[in-house]
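>
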Amino acid sequence: MSSYHSLLFPFFSLKKKWSRKSRRLFMLFMVLTLSVGNHASARVGGESWRAEQIFSKQSDELEEQLHAMSLADKVGQMIIADIEPTAFSPRNKKVLLLSRLAQEGKIGGVIFMKGDAKSTGAVVNHLQALAPLPLLFSSDMERGVAMRISGTTEFPPNMALGATADPKLAEDMATAIAQEATLLGMHHNYAPTVDLNSNPRNPVINTRAFGDTIPLTIVMANAIIKGLQSHGVLATAKHFPGHGNVTVDSHVALPVLQATREQLEAYELIPFRAAIEQGVATIMVGHLAVPALTGNMEPATISPAIVTTLLRQELGFKGLIITDALNMKALYNGSNVATLSVRAVQAGNDLLLFSPDPEATHSAVVQAVEAGQIPLEQINASVRRILQAKQWLKLEKHREVDSEDIEEDANPASHRELARKIAEHAVTLVSDVERNVPLKKSEQLLHLIVQDRVNYQTGRNYLRQLSERYPTITHLRINPKSDALDYAIATELAMNASSVLVTSYVQSLSSNGELKLTAEQQNFLHLLPTVVQRGTPMVLLSLGTPYISNYFPEFTSYLCTYSFDEESERAALQVLQGELTPRGVLPIVLGQ
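Per the numbering used here, residue 634 is the first one in the sequence shown, and the count goes up by one each step.
Rendered as structure tokens:
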């Protein structure tokens, strides 16, 4: 157990018993302790990966380059376009568009959404060869490059890392992600998420957060930042000023963070301050309204009060500020690309991410500068930071990736072993009143697979391994299309079962913060404990959101992995069999 783990463990194991005042005092102590540690490490060797080194370096060459650029060239550097690198072809419609925009200097970077390793390398090489200045390739790689690009290593999510309470595992994971990302030509990761998931009904953050406590989030996020940036990948703390206490998904509507300025200072903003202290290179602003900071319902992304006054001036952030994706419905209404692009720059953002129409964004911002709506000095300051980041990354020397062995090298055995280690350390036995875990072999073991979507491929490998371990097991899926006959069969099987395992594949809540399970599914799960014979062992296993237990308190034996990735499924099976002792510590408060 690491020193941080030893320090944090008493807090996690006792936090339900502590008063609010005691928890706040402990958090303050931890933050102060970590801040001292950060100051000390910053002095040792003067690490060159921190933002203050990246963005303070003066260069005559860079200034000459900036001076020689046209306004159109400068604005182009601020735009990050999107592409899905699958089965790369130079004749693909999106590839043709980005090829032209790159050649004309109308984009400065590209975000990869989904694809495969080989095609990703091909897209990087193709577009880099066309661009006058090297492009900055990026992606959401919170839980590994595999979050977007197949053929790479998939890691458990942040909340699983939080359950390990081991920052060494977090740093090792970030290092592995950086190695795979740079192999594919990506040098910007939109991670870590430093939102505190204090609202159990949050539909969009959920297991993407490390937890709901400040000390844990700071320790783990700082480890991720160091692991990424010390290996040549820009880290991004998101979603400023804090997306954890909302009940609406910003992909579909505008969330509202209802908190006073004092509450924000005491909670949501602290992890961002710590990330800045750690030297994070980028901060992403979220699409959410924070009336306490703006006095209105203006989204943070286009609010000068939040982006410039708070983040840039009050918090003193010197790095790159990037918008969340501009195609999200919290901002985008289908026809306002030009307006929201200009307002995002006016607010103080350096980078405009995933515009629905990057060329329209480029034209609108250029025209706004020419019309005096955006100061040229502001554009110069943003582009200077972008060029400083690209210079620090040495992108001019790393334009081309070696695609010959890319599929073999992008998912090494050592990284898969690390993913397994994290999963094994994360499994959390939340409660086990009747001591039903490990799950004993029985003549009639009923396994109910609960899903919030219809997909009969989900968990196939997990079910196969369960059958190997429990030869007499009966599997039955309970999904949104289950009918009265399905529930009748499930009820009869439960009445005659000698033990029952319920595996939940629910990953998150719906976009409005409600449980995605149908009323029939929920009613069945509520009644299940009353149907089984008295004394029958019954275990609820969540291969996803831990908050599922809030809805079904009837289950007194509850095991959680925070994810249904292959290694998390394997770890859960080992715990059920008694081959692995669950050592994860719940990083959130349940039962609220």
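Glycine included, every Cβ here is placed at the ideal spot set by N, Cα and C.
Owing to the predicted nature of the structure, the values given are computational and were not obtained by experimental measurement.
Quick check: what's the CA-CA separation for Glu1029 versus Ala705?
21 Å
> How big is the Cα-Cα spacing for Leu695 and Thr826?
Cα to Cα, Leu695 sits roughly 31 Å from Thr826.
> Check whether the region 867-874 touches the region 792-801, taking contact to mean three or more Cβ pairs, one atom from each stretch, closer than 8 Å.
With a cut-off of 8 Å on Cβ pairs, the region 867-874 is not in contact with the region 792-801, counting fewer than three such pairs.
> So is Ala1046 buried or exposed if we call it buried at 16+ other beta carbons inside 10 Å?
Exposed is the call here.
> Judging by CA-CA distance, which residue of Ala1004, His876, Ile851 and Leu1096 is the nearest neighbour of Ala922?
His876
> Within this structure, are the beta carbons of Phe1185 and His1159 separated by less than 8 Å?
yes
> For Glu1187, collect the residues of the same chain with a Cβ closer than 6 Å to its Cβ; drop the 5 residues on either side in sequence, then sort them by chain order.
Pro1162
> Tell me which residues share the same chain as His920 and place their Cβ nearer than 6 Å to its Cβ, disregarding the 5 neighbours each side in the sequence.
Ser883, Pro932, Thr934, Asp957, Met961, Ala963 and Leu964
> Relative to the C-alpha of Gly949, which candidate in Thr719, Pro924, Thr915 and Lys1054 has its C-alpha closest?
Cα-wise, what sits closest to Gly949 is Thr915.
> Please determine, among Leu902, Ala886 and Val885, the residue with the shortest C-alpha to C-alpha distance to Ala892.
Leu902
> Span of the beta strand (DSSP E) holding Tyr1191?
Ser1190 to Cys1193 is the span of the beta strand (DSSP E), which, as asked, contains Tyr1191.
> Given a cut-off of 8 Å on the beta-carbon distance, is the pair Ile1106 and Leu1078 in contact?
With contacts defined as CB atoms closer than 8 Å, Ile1106 and Leu1078 qualify as a contacting pair.
> Per DSSP, what kind of secondary structure is Pro643 in: helix, strand or coil?
With a pLDDT of 44 at Pro643, under the threshold of 50, the predicted position of this residue should be treated as unreliable, though the coordinate-derived value follows. Helix.
> When the Cα of Gly754 is compared with those of Arg1032, Arg1102 and Val940, which residue comes out closest?
Arg1032
> Name the two residues that bound the continuous beta strand (DSSP E) containing Asp1116.
No beta strand (DSSP E) holds Asp1116; DSSP gives it neither H nor E.
> Are the beta-carbon atoms of Ala925 and Leu944 separated by less than 8 Å?
no
> Since Thr994 and Ser1015 should fall inside the 8 Å C-beta cutoff, what is the C-beta to C-beta distance between them, to a whole number of angstroms?
That pair is no contact at about 14 Å.
> In this structure, does DSSP put Thr826 in helix, strand or coil?
For Thr826, the secondary structure class from DSSP, reduced to helix, strand or coil, is strand.
> Put Phe745 into one of helix, strand or coil per three-state DSSP.
strand
> For the candidate residues Val1133, Val940 and Ile858, whose alpha-carbon lies nearest to that of Glu910?
Looking at the Cα atoms, Ile858 is the closest of the given residues.
> Under the three-state reduction of DSSP, which class applies to Pro932: helix, strand or coil?
strand
> Under a three-way DSSP split, which group does Leu730 fall into?
helix
> Residues in its own chain within less than 7 Å of Pro767 by CB, not counting five upstream and five downstream?
Same-chain partners within the cutoff: Gln761, Lys1023, Leu1028, Glu1029 and Arg1032.
> In terms of alpha-carbon separation, which member of Ala886, Val885, Ile847 and Gly742 lies closest to His820?
Gly742
> State buried or exposed for Met1128, treating a residue as buried only when at least 16 other CB atoms are found within 10 Å of its CB.
exposed
> From Lys747 to Glu804, what does the alpha carbon distance come to, in whole angstroms?
Taking the straight line from one Cα to the other gives about 25 Å.
> What distance in whole Å lies between the Cβ atoms of Thr880 and Arg1146, which are believed to be in contact at a cut-off of 8 Å?
Going by the sequence as given, residue 1146 is Gly instead of Arg. So it is a contact: roughly 3 Å between Cβ atoms.
> Which of helix, strand or coil does DSSP assign to His872?
strand
> Rounded to the nearest angstrom, what separates Lys1149 and Arg834 at their Cα positions?
It is roughly 11 Å from the alpha-carbon of Lys1149 to the alpha-carbon of Arg834.
> Just mark Phe715 as buried or exposed, buried being the case when its beta carbon has 16 or more other beta carbons within 10 Å.
As written in the sequence, residue 715 is Asp, which differs from the Phe given in the question. So Asp715 counts as buried.
> For Lys707, is the classification buried or exposed, using 16 other Cβ atoms within 10 angstroms of its Cβ as the cut-off for buried?
buried
> For Thr1061, does the three-state DSSP call read helix, strand or coil?
strand
> Once you ignore the five residues that flank Leu1206 on each side, which residues in its own chain have a CB closer than 6 Å to its CB?
Only Gln1098 meet the Cβ criterion.
> Report yes if the CB atom of Phe745 is closer than 8 Å to the CB atom of Ser722, and no otherwise.
no
> Compare the C-alpha of Leu953 against each of Val866, Lys726, Met917 and Glu895 and name the closest.
Met917
> Pairs of beta-carbons, one from the region 1060-1079 and one from the region 853-867, closer than 8 Å: are there three or more?
With fewer than three CB-CB distances shorter than 8 Å, the region 1060-1079 does not count as touching the region 853-867.
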